[in-house]
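*Asks:* Just so you know, the sequences run in chain order A and B.
Take 0 as the starting number for the first sequence in numbering that gives the first Met the number 0 and just add one per residue.
Take 0 as the starting number for the second sequence in numbering that gives the first Met the number 0 and just add one per residue.
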Amino acid sequence: MSLLTPAHPRRLAALVAATATALLLTACAATSPGNADADPEATTPVSTTRTITHELGETEIDGDPERVVALEFSFVQALDALGVEPVGIADDDEADRIEQLLGKPIEYDSVGTRLEPNLELVSSLDPDLIIADLTRHTAIVEQLEQIAPTIVLNSWEGSYQDIKDSVVTIADALGDRSEGEDVVSEHEARVAELAAQIPEGEDRRFLLAVATPDAMTLHTSSAFTGSVFETLGLTPAITADEALESGVGIERLLDVDPDVLFVATDGPGTVFETWQTNSAWASMAAAADGAIFEVDRNQWARFRGLQTAELIAEEIVQNVVGER
Amino acid sequence: MPRTVHDRPRHVGAVAVIVGGALASVVVGLLSLGIGPTGISWSDSLTALLSDEPSRLRSLVIDVRLPRAVLAALVGASLAVAGLLAQALTRNPLASPQTFGINAGAAVAIVLATIAFPSLGALGTVAALIGAGTVGALMWFLSTTGAVTVVGLALAGMTVQIVLSALVQAILIMNNSTQDIVFWLAGSVTGADWSDVAVLAPATAAGCAVALLGARSFALLTLDAFTAASLGQHPARVAGAAAVIVVVLAGAAVAVAGPIGFIGLIVPHIARRLVGARFLTQLLACIALGPLLLLAADVLARLVAFPTETPAGIVTALLGAPVFLILAIRARRA
């Protein structure tokens, strides 16, 4: 319990400060009524309350949030595209991932892992907006709500469309919905340009598999990468409502039999190495065709942002389609 | 233990159990070749097994399904024999590689080693043996002090196992890879290939061979040290050899298939029930029945949520946990 105490005085202080400001504003308004009438524009941004609709209902947001805590990588990328640096990130305690995610180092405080963000750290940052993930953080949403207004979006199992919608929702929560719409349409234009480079009649079946030391996880048409494939006019090898198929052995992969296979790894020591030595591996269409590519697991399976989608699209155009 | 029921035709009965168990293992193993997501039928898989024309079908059967069945059989035999020896060595019916924390010791060592050196490959087995050996030595020390009761020792072992499992979780959480090796952690032969068989087969063969050759000596471990010595034994040496076999068999099995539980506990009890008190026949029965149980568990694990796989270790835990409770209650009464 002693760990809990430092947060409270600060929250209390914030509350006192907020109340004082409110009283002061009321006092000002009361003493100079003429002023308020003369310049209504000046006071409206302070009192705008927007209702943001998200995965778990609606959240009221007052003013323009500036201290944002992001509990998933894709939210960080969305914030970056909108020109906001989050004060706190659930970065899995690996700061270099954030640098890789944004292509540059930024100043922020880690709030622990995405799977179990540290609520104490979140609260100590005094945020005015928290962006949480539907799959991973639904269980702690009430606690997050007590710290700051929280919006819940689908990142972990989100499709490409979900991620694009998230950018607009986040922009809305930050106070400028149209900026989010601009970011998305600019992004869509770039992706469309890449998609145009893919030749007509490309009918091979594409699959992303994440390799770990004991199995693979297959990403279906409902997963982020699967829906990026579809946006580019490519065919995902698995069409399913479930985004991920986990605990997959070599036989299931051969059963799917993709024509183009991307294997996402964190480096050596995965089943990707051992399976390739298996005689059955060669019977896979992608293996016979030399269309197997090892890719970075962060970029292809963890980040799920607009920039990531562009990067994936570029890699596909350069390495896979370009070679033909 | 039922020492009175098997006086009459026990020899014939024991042979029937051992031969029958071995045959049943082969049958279940062959059946398991017909189960898999590609939907190759059982008859097709048998045909592929016998033909020598290279094909996709044949590769799937020979290099994916067959090594899995062989590995399940080897792991089953290794754990069962390790369990039987551990029970004899400690004169404790609740002893097994899992209940004494030896599996968990191997698991911690492997997790640590693979995080430090991701491309360790088969060398992970060395780490597993070191981990298994360390916990094995600790439990052996506890059992020789004689200060701990039968149930107390099993509780100590379970405590070690729980602490080490928690340690594995802590390491994985710190390394952000809790989701990455769930199958291996639960114990599974899903990813088996011939290289795993190549790692385990020598350990299983050597362990079982030494156990069989020394069966007469190991049998005397069940007696107290004084009696054994008066029968011309070197109790300490025999016990040391038994402990080494337990560690080698359990450590190598965990290295390839993860800490599969309860096989090492239940199979020796089933064997004892079926073939009686003679150590050599118990040992042979363990070698026949261990594979049968794990092969059956692996077939169930594949069918429970077909075509999605379930780790076989979860099936053995579901079967084994109630058995452990029954044995613990019985041991307390005895």
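Note that beta-carbon positions come from the ideal geometry of N, C-alpha and C, so glycine has one too.
(1) Which of helix, strand or coil does DSSP assign to A/D295?
(2) Kindly indicate which three-state DSSP category A/D61 falls into: helix, strand or coil?
(3) I need the DSSP call for A/T264, collapsed to helix, strand or coil.
(4) Strictly below 8 Å CB to CB, what residues from chain A border B/T307?
(5) Which same chain residues, not among the five before or five after A/E178, have their C-beta less than 7 Å away from its C-beta?
(6) Could you check if B/R332 is buried or exposed, using at least 16 other CB atoms within 10 Å of its CB as the buried criterion?
(7) Threshold first: 3 residues or longer. Then list the beta strand (DSSP E) segments lying entirely within the segment 167-194 of chain B, N to C.
(8) What are the boundary residues of the beta strand (DSSP E) that includes A/I215?
(9) Apart from the five residues just before and just after A/L22, which ones in its own chain have a Cβ nearer than 7 Å to its Cβ?
(10) So, is B/R64 buried or exposed, given that buried needs 16 or more other C-beta atoms within 10 angstroms?
(11) Using Cβ-Cβ distances below 7 Å, what residues of the segment 276-290 of chain A are close to chain B?
(12) Which residues, taken in chain order from the segment 223-257 of chain A, show a beta carbon closer than 7 Å to some beta carbon of chain B?
(13) With a Cβ-Cβ cutoff of 8 Å, do B/I259 and B/V74 count as a contact?
(14) What does the alpha-carbon distance come out to for the pair B/G82 and A/T264?
(15) Between the C-alpha atoms of B/V322 and B/A85, what's the straight-line distance to the nearest angstrom?
(16) Taking Cβ positions, are A/T216 and A/S245 nearer each other than 8 Å?
(17) Pick from B/I161, B/D195, B/D43, B/G275: whose alpha carbon is nearest that of B/G123?
(18) Under a CB-based cut-off of 8 Å, is A/D213 close to chain B?
(19) For the ligand HEM, is there any heavy atom lying closer than 7 Å to the beta carbon of B/L171?
(20) Quick one: what does DSSP say B/T226 is sitting in, helix, strand or coil?
(21) Taking only three categories from DSSP, how would you classify A/E54?
(22) Does any CB atom of chain A fall closer than 8 Å to the CB of B/P258?
(23) List, in chain order, every chain A residue whose beta-carbon is nearer than 9 Å to that of B/D192.
(24) Kindly list the residues whose CB is nearer than 6 Å to the CB of B/L48, restricted to its own chain and excluding five residues on each side of it in sequence; keep chain order.
(25) Apply the 10 Å Cβ neighbour rule to B/S334 and answer buried if 16 or more other Cβ atoms are within range, or exposed otherwise.
(26) If I measure Cβ to Cβ from A/F223 and keep anything under 7 Å in the same chain, skipping five residues before and after, which residues do I get?
(27) Evaluate contact between the segment 244-258 of chain B and the segment 301-308 of chain B, counting only Cβ atoms and requiring at least three cross-stretch pairs below 8 Å.
(28) Over what stretch of residues does the alpha helix (DSSP H) that includes A/A312 continue unbroken?
(29) Is the segment 281-298 of chain A touching the segment 198-216 of chain B, taking contact as three or more C-beta pairs under 8 Å?
(30) Using a Cβ-Cβ cutoff of 8 Å, what residues of the segment 82-102 of chain A are near chain B? List them in chain order.
(31) With distances taken from CA atoms, which of A/I51, A/A239, A/E314 is nearest A/V190?
(32) Looking only at C-alpha atoms, which of B/A300, B/A72, B/I34 sits nearest to B/L22?
(33) Kindly identify the DSSP beta-bridge partner or partners of A/R204.
(34) B/I180 CB to nearest chain A CB: under 8 Å?
(35) Strictly under 8 Å for the Cβ-Cβ distance: is B/W41 near chain A by that measure?
(36) Going by the DSSP bridge assignment, what does A/I150 pair with across the sheet?
*Replies:* On the basis of the supplied data:
(1) strand
(2) strand
(3) strand
(4) E244, G246
(5) L81, A170
(6) exposed
(7) none
(8) With the sequence shown as reference, residue 215 of chain A is identified as Met, and Ile is not the correct amino acid for it. Start and end: 215-218.
(9) Caution applies to A/L22, whose pLDDT of 49 falls short of 50 and renders its modelled position unreliable; the value that the coordinates give is listed next. Here the set comprises nothing.
(10) buried
(11) N277, S278, A279, S282
(12) G246, G248, I249, E250, R251, L253, D254
(13) yes
(14) 37 Å
(15) So the two alpha carbons sit approximately 17 Å from each other.
(16) yes
(17) B/D195
(18) yes
(19) With respect to the ligand HEM, the structure offers nothing, as it holds no ligand at all.
(20) helix
(21) In the structure shown, A/E54 adopts coil according to DSSP, grouped into three states.
(22) The beta carbon of B/P258 sits no closer than 8 Å to any beta carbon of chain A.
(23) Ordered by position in chain A, the residues that pass the 9 Å Cβ test against B/D192 are I249, T273, W274, T276, N277.
(24) V60
(25) Residue numbering for chain B in the displayed model covers 0 to 333; residue 334 of chain B lies beyond these limits and cannot be assessed.
(26) Contacts found: G157, S158, Y159, I162, R303.
(27) no
(28) 305-314
(29) no
(30) D91, D92, E93
(31) The candidate whose alpha carbon is nearest that of A/V190 is A/E314.
(32) B/A72
(33) A/T234
(34) yes
(35) no
(36) A/I130
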